[in-house]
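Going letter by letter, the sequence shown gives residues 10 to 131 in our numbering.
Beta carbons: idealized from backbone N, C-alpha and C, even for Gly.
Taking it in order: structure first as structure tokens, then the write-up.
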Amino acid sequence: MSDIRLTNEKMLTFTGHEKIGTLKAAEKLMDFGERQNTANEALAANVNDLIKRVCAIEDRELKDREIMRKIADELTAFKRDLDRVRLSSKLNNTSIERLDRSIKQLQELSGGNNSADEGGDT
Numbered sequence: 010m011s012d013i014r015l016t017n018e019k020m021l022t023f024t025g026h027e028k029i030g031t032l033k034a035a036e037k038l039m040d041f042g043e044r045q046n047t048a049n050e051a052l053a054a055n056v057n058d059l060i061k062r063v064c065a066i067e068d069r070e071l072k073d074r075e076i077m078r079k080i081a082d083e084l085t086a087f088k089r090d091l092d093r094v095r096l097s098s099k100l101n102n103t104s105i106e107r108l109d110r111s112i113k114q115l116q117e118l119s120g121g122n123n124s125a126d127e128g129g130d131t
């Protein structure tokens with residue numbers, strides 16, 4: 010940022026409303042012109058700094074938008090994977106429950122004396 014801080018004093022280029030003679034008019038006009046140039050330089054430096062800051066903010070905003078878009082895409086993919094895992098888990102649990110019921114029904118039908126289920130060798 011510019012080291013030139015704008016103040017009311019720096020921007021004040023006309024000082025005094027006293028009557029001046031013809032001989033002093035050129036000197037006063039020169040003094041006014043120098044002060045005006047200094048004020049213009051300070052103002053231009055501050056405006057240029059503001060332009061740079063706005064451009065930097067706009068660049069940061071574009072980068073942030075890109076980052077947020079990537080995060081949103083990753084979250085969408087993560088949600089899709091999580092839903093797939095949940096569905097697989099539910100399907101697996103349902104399949105395990107069906108197999109367990111089938112095994113129990115087979116054990117009941119065979120009288121519950123299946124030595125292979127008990128871990129024994131015959």
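Minimum Cβ-Cβ distance from residue i to chain D less than 8 angstroms
i, result
"Arg-78", "Going by chain labels, chain D is absent from the structure shown, which holds only one protein chain."
Coarse secondary structure for residue i, derived from DSSP in three states
i, result
"Lys-28", "coil"
"Gly-120", "coil"
"Leu-21", "coil"
"Arg-78", "helix"
"Leu-115", "helix"
"Gly-129", "Model confidence at Gly-129 stands at a pLDDT of 48, short of 50, so the residue's coordinates are unreliable; what they give is reported in the following sentence. In this structure, Gly-129 counts as coil in the three-state DSSP scheme."
Proximity of residue i and residue j at Cβ, strictly below 8 angstroms
i, j, result
"Leu-15", "Asn-55", "yes"
Would you call the stretch 61-75 and the stretch 41-49 touching, i.e. three or more CB-CB distances under 8 angstroms? no
Three Cβ pairs or more, each shorter than 8 angstroms: is that satisfied between the stretch 47-67 and the stretch 13-31? yes
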